[in-house]
Structures are given as C-alpha cells and as structure tokens.
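In what follows, a structure is listed as structure tokens, so that the remarks can point back to it.
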Amino acid sequence: MDASRLHLSAETTEAPESAQKAQNTLNTQTLQKPPQNLDEPQGQVQGQGVEVEVEMDNTCDFAANGGQMDTAQDLNAPTASDAQPTDAPTAAKKNSDLGFLNYLMSPIVEIIVGQGENETTLTAHQTLLLESPFLAEMVNKFSETEPRRIELPHEHVDAFGCFLQFQYTRDYTSKPTTGQDAKVSDGSGEQLLKHARVYTLAEKLRIPALKVLAHTKIHRVNSSPRGEIEYARYVYTHTSVDDVMLRKPIARFWATRSHVLRHGVEGEFKRLCLDVPDFSYEVLALVLENKEKRSQDNKTESESGARTSGRKRQRGGQ
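The sequence shown: position 125 = 1494 (the working numbering), numbered continuously.
Okay, structure coming up:
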C-alpha cells in the first residue's frame, strides 16, 4: 500500500474517533447539568392546556431573544392555585335576585274577581299579595286543609289586573305610547276611568306607590268634555270626601272651564250636578271664590288708581 492511501486511511479512522469524543463530552455535560426545578412556573405553563396565551407569549419572547428563553416573565406567571374563580360575579348576581325568587317560590293564590258574567279567576304568588294589608288579612285566614282562594266580587277585573302587573313589574300598561310622558288621546273617557279605578283600588288595598302612579298617568290623558264628566262622576262617587289628589283638580277644572265645555254636553253636566251634590258644591264654591278674588283685585286696582290720580291733581293745584 502506498503512502497516500495510508494517509487517507488514517484520517478516516481519526474522524469517527473525534465524533465519538465530542458525543462523550456532550453526554458528560448533560449528566453534570443540575435537574430542572419542577416547581418553576414554566414547567406548569408547558404542561397545562389552559395557559395557551402564556405559551404564545413565551414563544414570541424566545424568538425575539435570539433563541434564549426569558425566564423572568415565567417566574411571575400565575399558577393554577393563584387563579381567581370565574364564577364569583355570577354568584353575586344570583344573591341579588333572591328577593324576587322568594316571590316566585311562594304558594299560588287563586283570586276570583267580579261576579256573574264578569267573574274572572286570576292567580298570583302569595308573597306579592302580602304587601297589601287588606289582602294580607285574607291570606292569614288560610288553613292547610282549604284551598288558597280570595273572592273579590265587587272589584273591577281590569283594575285588579293592573294591580297584579304593578306588583310584578312596578308599572302597569294602559295604552301604547311613543314615550314615557306622551299624551294619550281619550275621547270616550275610558282611559281616565281605567286609571281612576286603579287609583281607588290602590287606596283600598293601601298600596301608596300604585296610587301615586295612577295619579301620574291620569294627568297624561287628553280627554273630551264627555269623558271628563264620566271621570268626575266616578271619582266623586268612589273616593272619600277628604280626597284632594283627584277631587280638587276636577272641581278646579270645571270651575274655570265649565262656561266653555258645558255647551257641548250641557245635559250630561246638568245630570252630574244633580246626581252628585258634592261635585256641584265644590265647583260652585270655587266659582264664587274666583269671582270674589277678581272683585277684590278690581277694587284694589281702583283704589290704587284713585290715589295716584289724587296726588297728581294736588300737585297741579299747588
């Protein structure tokens, strides 16, 4: 074998030996490297599927640092034990709804309203009825062996339905409007009567908030003279003498505008005055009061004018 072939064979033999030595050195360094701390957060991040967003951030940092992992961010990463429960706000919301849930979990009461052909059976949760002292007295008389039933033969079905709607929603509807303060046109007076019935029912059931709401809705209705007469008749025959929320405005309305409105409904106005003496008296009292006030004002103006004229004449005489 010539020298060139021997030299090539020697280089070929040394190459695997150098590779083997390099591999042995790498294995020795790997064995001498201390084991990775299993408590480090990056081990948890890599092992938990829920921390996908953290893994993506670490991957971006790894690429930005030229292949070096940024361990400072991993050390501050939250662990599974540090995570806050995600259902805490939901639990708080449920607690805020427990009051209404208590209403819904109370027993169902059967309420028979009206009589004859107008008799209607309604149902409501018992706890909502207890807000009315009038109905609470009836509920407290229930026995375990008898059905939970309340009979109200003299009440108006629509008015009581508005009461139940108010108990559940804190409002009741009468007619769709375009806004909260929108005026409702009521030529027949039915809308005025509906709110007036709710008002008197709220007075009987002793629900002040419903009474105020009905009073507010009454002032949003634009009615006709005939509707105003029917409304006045109902109020003066279904409210107490000392009522001021409805009676006084009605009397004031007719005392100031009866000379204009009565021409179209003179017959109905006359019958109202004859049938309801309280209405006639209060309207007449306000008419006389206004007339007396005008007379007093005219007298005051005349006296003031006379004094002014006298001073002018006196100065002229001097």
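Cβ atoms here follow ideal geometry from the backbone N, Cα and C, with glycine treated the same way.
Three-state secondary structure assigned by DSSP to residue i
{"i": "residue 1668", "result": "helix"}
{"i": "residue 1518", "result": "strand"}
{"i": "residue 1482", "result": "strand"}
{"i": "residue 1445", "result": "With a pLDDT of 45 at residue 1445, under the threshold of 50, the predicted position of this residue should be treated as unreliable, and no value is reported."}
Own chain partners of residue i with C-beta closer than 8 Å, once the 5 adjacent residues on each side are dropped
{"i": "residue 1643", "result": "1649"}
{"i": "residue 1621", "result": "1655"}
{"i": "residue 1577", "result": "1571"}
Cβ neighbour criterion (16 or more within 10 Å) applied to residue i
{"i": "residue 1668", "result": "exposed"}
{"i": "residue 1629", "result": "exposed"}
{"i": "residue 1501", "result": "buried"}
{"i": "residue 1651", "result": "buried"}
{"i": "residue 1477", "result": "exposed"}
{"i": "residue 1510", "result": "exposed"}
{"i": "residue 1596", "result": "buried"}
{"i": "residue 1580", "result": "buried"}
{"i": "residue 1594", "result": "buried"}
{"i": "residue 1563", "result": "buried"}
{"i": "residue 1599", "result": "buried"}
Nearest-angstrom Cα separation, counted from residue j out to residue i
{"i": "residue 1586", "j": "residue 1637", "result": "25 Å"}
{"i": "residue 1487", "j": "residue 1625", "result": "39 Å"}
{"i": "residue 1627", "j": "residue 1641", "result": "12 Å"}
{"i": "residue 1474", "j": "residue 1494", "result": "8 Å"}
{"i": "residue 1572", "j": "residue 1656", "result": "29 Å"}
{"i": "residue 1583", "j": "residue 1653", "result": "27 Å"}
{"i": "residue 1561", "j": "residue 1514", "result": "42 Å"}
{"i": "residue 1538", "j": "residue 1469", "result": "11 Å"}
{"i": "residue 1659", "j": "residue 1623", "result": "12 Å"}
{"i": "residue 1479", "j": "residue 1471", "result": "18 Å"}
Neighbourhood of residue i by C-beta distance below 7 Å, restricted to the same chain and skipping five residues each side
{"i": "residue 1604", "result": "1565, 1615, 1616 and 1619"}
{"i": "residue 1608", "result": "1569, 1615 and 1616"}
{"i": "residue 1575", "result": "1501, 1502 and 1503"}
{"i": "residue 1482", "result": "1489, 1491, 1521, 1524, 1526 and 1529"}
Close Cβ partners of residue i (< 6 Å) along its chain, the five nearest in sequence each way excluded
{"i": "residue 1631", "result": "1638"}
{"i": "residue 1531", "result": "1541 and 1567"}
Let me know the beta strand (DSSP E) ranges lying completely inside the stretch 1543-1618, each 3 residues or longer, listed in chain order.
Counting only runs of 3 or more, we get 1553-1555 and 1590-1592.
At 3 residues or longer, what runs of the beta strand (DSSP E) sit wholly inside the stretch 1484-1508?
Runs found: 1489-1494.
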